[in-house]
Amino acid sequence: MIRLPDPKPETLARRDAIVAGLSDIVPSTSLISDETRLKPYETDGLSAYRQMPLAVALPETTEQVAAVLRFCHQNGVRVVPRGAGTSLSGGALPMEDAVVVGMMKMNRILDINYPDRVATVQAGVTNIGITNAVAADGFFYAPDPSSQLACMIGGNVNMNSGGAHCLKYGVTANNLLGLKIVTIDGEILDIGGEHLDAAGYDWLGLLTGSEGMLAVVTEVTVRILRSPEGARAMLAAFTSNEIAGRCVDAIIASGIIPVALEFMDRPAIHACEAFAHAGYPLDAEAMLIIEVEGSVAEQDDLLEQLKAICQRFDPISLKVSQSAEESAAIWKGRKGAFGAIGRISPDYLCMDGTIPTSRLPEVLRRIGEMSDSYGLKVANIFHAGDGNLHPLIMFDANDPASFQKAEMFGADILKLCVEVGGCLTGEHGVGVEKRDLMPVQFAPHELAQQRAIKSAFDPDWLLNPSKVFPLIDPVAMAKAA
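Here the sequence shown stands for residues 31 to 511, numbered as in my numbering.
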């Protein structure tokens, strides 16, 4: 575990003045400054890194967010936006001289428009909360990160989150219609709306995945979809990771688009079976979860085609769920995978690179070789259909050498993703985890252009600084240029 330095004396001296200013903006119950209550905010899902923030503000309205940002801008105070803190890349990691602006109290469903199939919600509504709000009327919100019970839609926008069903329905960007945002100087802007395409430049495309560095999202308008008639999942077990990878490539090449196509290797299968008791094949080296949806006839037809493809790769077993309960058990194991791995390893790093699906067999083989080289176990659990890898590198955070090896192992995996034609991140974002690897993906002039966009929105680099880009002083660099 890396605990960053404690606040400098001059920073602490400013705290009282900053807290006093914020207390004029948000209620006292929405302002946190004592060390005990700040403790839960010192880290996010990348819990190996910790840093106590200066203070935490929990606004309840867009207007309060605007007032907080305006105050921070006028006083040169850095701001770290935060949702549920489920970021696995350190995207919500605070800074010792920064105010965390949490969206937890902005958790209302604002409007549901069934004729146009859209919903508008505050940024603090959970991912699953959107589906829960419309399920009784036969609708759902498609992106479904594994953390969907906790993660908030504002954070999903910031990281462009996906999920197991993004193979068919797409990630957040593909299901987003509008945003209400607040810039660092407190200006409130509406981007897009309840219509299919916004006029003018693609501001939604720019803001989605910007990791809280350009503006703070306070409201989100998403498309909601009609719930399918039904769905069934199939388990296909194989004798090696490479064979399972070739099967994935064959399924995608066939033109069939399952709703979900998930991969688990032997360590993941055993950990998840012990947790969920889903009937996973413990003699398999690799397993695919393949889900289809539609009418019963459509499901039967698609499953027959998929079984025929899988049988070309001599599976150990093929099992099709016969009930909603069986399908739920299959998904309980997959959705609980990260927690299940936590039962067999004191700590793990969850990587998030993407690759062309045709390179899956090669990449899985090379990850296995890296595992042997570093002497660290790895469990592979990922969205195989779109090549979004999530290798879980197991280590002991109390052993500095183990942690260092895990980080080096993870960096090598991400470099491999870029090498084979993929990229550094699929849905977790760059955060602090991958910022020093950005030059592996981007040339210096490309990084300079991205920094210029950041500076256009936030000239003083107050919003979520020290994320995404390798650490330099961007303001000083801009002045020197």
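Just so you know, even glycine gets a beta-carbon here, dropped at the ideal spot from N, CA and C.
{"Asked": "Can you tell me the Cα-Cα spacing of D307 and M264, whole angstroms?", "Found": "The residue you asked about is not Asp; residue 307 is His in the sequence shown. Using only the alpha carbons, I get a separation of about 16 Å."}
{"Asked": "Thinking E72 and M82 are a contact (beta carbons under 8 Å), I'd like their distance in whole angstroms, please.", "Found": "5 Å"}
{"Asked": "Three-state secondary structure (DSSP) at V326?", "Found": "helix"}
{"Asked": "Measuring straight from C-alpha to C-alpha, what distance separates V107 and D46?", "Found": "13 Å"}
{"Asked": "Using only the alpha-carbon positions, how far apart do R256 and F433 sit?", "Found": "45 Å"}
{"Asked": "By the three-class DSSP mapping on this structure, what secondary structure does S375 have?", "Found": "coil"}
{"Asked": "Report, in whole angstroms, the separation of the C-beta atoms of V164 and I254, which I expect to be a contact under 8 Å.", "Found": "5 Å"}
{"Asked": "Can you grab the Cα-Cα spacing for the pair G200 / G51, in whole Å?", "Found": "42 Å"}
{"Asked": "If you measure between the beta carbons of T94 and I55, is that distance less than 8 Å?", "Found": "This sequence places Gln at residue 94; Thr is not what is there. A contact, by the Cβ cut-off of 8 Å."}
{"Asked": "Whole angstroms is fine: what's the gap from G120's alpha carbon to D127's?", "Found": "17 Å"}
{"Asked": "Looking only at its chain, what residues have a beta carbon closer than 7 Å to the beta carbon of C340, apart from the 5 residues adjacent to it on each side?", "Found": "A266, C277 and L348"}
{"Asked": "Just to confirm, are V247 and I160 a CB contact at a threshold of 8 Å?", "Found": "no"}
{"Asked": "Quick test of the definition: if touching needs 3 or more C-beta pairs under 8 Å, does the region 475 to 494 touch the region 392 to 411?", "Found": "no"}
{"Asked": "Taking Cβ positions, are S177 and T116 nearer each other than 8 Å?", "Found": "yes"}
{"Asked": "In this structure, how does DSSP classify M182 when only helix, strand and coil are distinguished?", "Found": "strand"}
{"Asked": "Cβ of M133 within 8 Å of Cβ of G193?", "Found": "no"}
{"Asked": "Taking the DSSP output, what are the residues bridged to C453?", "Found": "T384"}
{"Asked": "Less than 8 Å between C-beta atoms, sequence neighbours within five positions excluded: which residues of the same chain meet that for L406?", "Found": "I423, M424, F425, S432, K435, A436 and F439"}
{"Asked": "Please report how far the alpha carbon of V86 lies from the alpha carbon of L68, in whole angstroms.", "Found": "7 Å"}
{"Asked": "Scan the region 160 to 223 and note each continuous alpha helix (DSSP H) run of 4 residues or more that stays entirely inside, going in chain order.", "Found": "183 to 189 and 196 to 199"}
{"Asked": "My output table needs one value for A511: the three-state DSSP class, helix, strand or coil.", "Found": "Note on A511: pLDDT 42, under 50, position unreliable in the model; no value is reported."}
{"Asked": "As an exercise, report each continuous beta strand (DSSP E) stretch of at least 3 residues that is fully enclosed by the region 295 to 370, in chain order.", "Found": "316 to 323 and 347 to 350"}
{"Asked": "Go to P469, then tell me how far its alpha helix (DSSP H) extends in each direction, as first and last residue.", "Found": "M468 to Q471"}
{"Asked": "Between I385 and L419, how many whole angstroms is the CB-CB distance? I'm expecting something under 8 Å.", "Found": "6 Å"}
{"Asked": "Rounded to a whole number of angstroms, what is the C-alpha to C-alpha distance between R270 and A316?", "Found": "Arg is not the amino acid found at residue 270; the sequence shown has Ser there. For S270 and A316, the distance between alpha carbons rounds to 6 Å."}
{"Asked": "Hey, quick one: how far does the alpha helix (DSSP H) through T150 stretch, first residue to last?", "Found": "Segment V148 to Q152 is the beta strand (DSSP E) holding T150; no alpha helix (DSSP H) there."}
{"Asked": "When the Cα atoms are used, what is the spatial distance from R44 to L88?", "Found": "20 Å"}
{"Asked": "Go ahead and pull the three-state DSSP assignment for H413.", "Found": "strand"}
{"Asked": "Tell me the residue span of the beta strand (DSSP E) that contains G121.", "Found": "Premise fails: G121 is in no beta strand (DSSP E) and is neither H nor E."}
{"Asked": "Looking at the structure shown, is N137 part of a helix, part of a strand, or coil, going by DSSP?", "Found": "coil"}
{"Asked": "Pull up the CB-CB distance for R465 and P500, whole angstroms please, since I reckon it's below 8 Å.", "Found": "6 Å"}
{"Asked": "Quick one: residues in its chain with C-beta nearer than 7 Å to the C-beta of D313, no 5 flanking neighbours on either side, listed in chain order?", "Found": "I346"}
{"Asked": "Return the residue from the list I282, P288, F293 and V289 that minimises the CA-CA distance to A274.", "Found": "F293"}
{"Asked": "Near F101, what residues of its chain come up, given a Cβ to Cβ distance below 7 Å and the 5 sequence neighbours on each side ignored?", "Found": "G51, L52 and I55"}
{"Asked": "Exposed or buried, which one is I411 when buried takes at least 16 other CB atoms within 10 Å?", "Found": "buried"}
{"Asked": "Going by DSSP, what residue range makes up the beta strand (DSSP E) through F425?", "Found": "P421 to F425"}
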